[in-house]
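S.K.:
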Amino acid sequence: MPRPITLLVEGESDRAAHVTLAPRLGVDLVADEITVTVIGGAGNFGGAIADAAAQGHRVGGLYDEAEERFVAGALNRQEGEDLTRQGFFACRPDLELELVRALGVVEVTALLEAHGDLKTFRNFQDQPKYRDAEVLEQMRRFIGANGARKAKYAAVMAEAVPFEAAPEPLEGIVHWIWGA
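Mapping the sequence shown onto my numbering, position 62 (from 1) lands on 1109, and the numbers just tick up by one.
1. Please report how far the alpha carbon of P1214 lies from the alpha carbon of A1149, in whole angstroms.
2. Excluding five sequence neighbours on each side, which residues of the same chain lie with their C-beta closer than 6 Å to the C-beta of V1106?
3. How big is the Cα-Cα spacing for Q1185 and Q1172?
4. Taking only three categories from DSSP, how would you classify L1130?
5. Report all residues from its chain with a CB closer than 8 Å to the CB of P1140; omit the five preceding and five following residues, and keep chain order.
6. Starting from V1056, follow the beta strand (DSSP E) in both directions and report where the run begins and ends.
7. Give me the Cα-Cα distance between G1134 and V1221, rounded to the nearest whole angstrom.
8. Taking the runs of the alpha helix (DSSP H) that are 4 residues or longer, which of them lie wholly in the segment 1066–1129?
9. List the DSSP bridge partners of F1135.
10. To the nearest angstrom, how far is it from the Cα of R1071 to the Cα of F1210?
11. Which ranges does the beta strand (DSSP E) cover as unbroken runs of at least 3 residues, wholly within the segment 1173–1226, from first to last along the chain?
12. How big is the Cα-Cα spacing for E1128 and V1118?
13. For E1057, which option in F1136, R1124, L1076, A1161 has the closest C-alpha, if you only look at C-alpha atoms?
14. Pop quiz: V1066 and V1083 are said to be a contact at Cβ under 8 Å. What is the actual Cβ separation, rounded to whole angstroms?
15. Among L1144, G1163, M1204, which has the Cα closest to the Cα of R1187?
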């Protein structure tokens, strides 16, 4: 029987994306004994990896590209080394942009409209700080601007993303799980 798996993620939005997308990619989190654990920031990877491993779990997860040093250090690896064989996948630069890129501007705009946030997004786009940014970056910043919106849209986008367009880090986690 395979060992239980603990997937470590930095925040609630990462967890929401995992929990939403996993069944769509053929992963039954409960039946496969997979726990998605929010660790509250990249600096907590070391302790979380050690705790899950001490329980006999396979340990993997997602991290933002800028936080690689924490994951590499926790795994006794060098920054820049491929951590995917250890089950850790980088979001470049973060999960929000991975999902926005996977869906595209037209689809994310439709999701913002469907969830009553398009007018607020248009106001956000008009702020001097974001006015000259590319639309994908504006969407990333808008979605990530507050925790509740970030978690909401992580789930909404994970539900909407076409199977064949699932972001590489999320697809990588699924392949790693199946490789047990």
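Note that CB positions come from ideal geometry on N, CA and C, so glycine has one too.
M.R.: Walking through what the data contain:
1. Indexing the sequence shown from 1 puts residue 1214 at position 167. Indexing the sequence shown from 1 puts residue 1149 at position 102. Straight-line Cα distance between these residues: approximately 6 Å.
2. Counting from 1 along the sequence shown, the entry for residue 1106 is found at position 59. A distance below 6 Å between beta-carbons, with the five flanking residues on each side excluded, links V1106 to the following residues of its chain, in chain order: T1053, I1096, A1099, A1100.
3. Within the sequence shown, the letter at position 138 stands for residue 1185. Within the sequence shown, the letter at position 125 stands for residue 1172. Straight-line Cα distance between these residues: approximately 6 Å.
4. The residue you call residue 1130 lines up with position 83 of the sequence shown. Looking at L1130 - three-state DSSP - the assignment turns out to be coil, as it is neither helix nor strand.
5. Position 93 of the sequence shown holds residue 1140. Excluding sequence neighbours, P1140 sits near D1111, E1112, A1113.
6. Taking the first residue of the sequence shown as 1, we reach residue 1056 at position 9. Start and end: 1052–1056.
7. If you number the sequence shown from 1, residue 1134 lands on position 87. If you number the sequence shown from 1, residue 1221 lands on position 174. Taking C-alpha positions only, G1134 is separated from V1221 by approximately 10 Å.
8. 1092–1101, 1115–1121
9. Counting from one through the sequence shown, the residue named residue 1135 turns up at place 88. Beta-bridge pairing links F1135 to G1108.
10. Walking along the sequence shown from the start, residue 1071 turns up at place 24. Walking along the sequence shown from the start, residue 1210 turns up at place 163. Spanning the two alpha carbons is a distance of roughly 8 Å.
11. Along the segment 1173–1226, the beta strand (DSSP E) does not occur as any fully enclosed run of 3 or more residues.
12. Within the sequence shown, numbered from 1, the residue matching residue 1128 stands at position 81. Within the sequence shown, numbered from 1, the residue matching residue 1118 stands at position 71. Going from the Cα of E1128 to the Cα of V1118 covers about 11 Å.
13. Taking the first residue of the sequence shown as 1, we reach residue 1057 at position 10. Nearest C-alpha to E1057: F1136.
14. Position 19 of the sequence shown holds residue 1066. Position 36 of the sequence shown holds residue 1083. Right, their Cβ atoms sit about 6 Å apart.
15. For the purposes of this step, residue 1187 is taken as the residue at position 140 of the sequence shown. Comparing Cα positions, the closest option is L1144.
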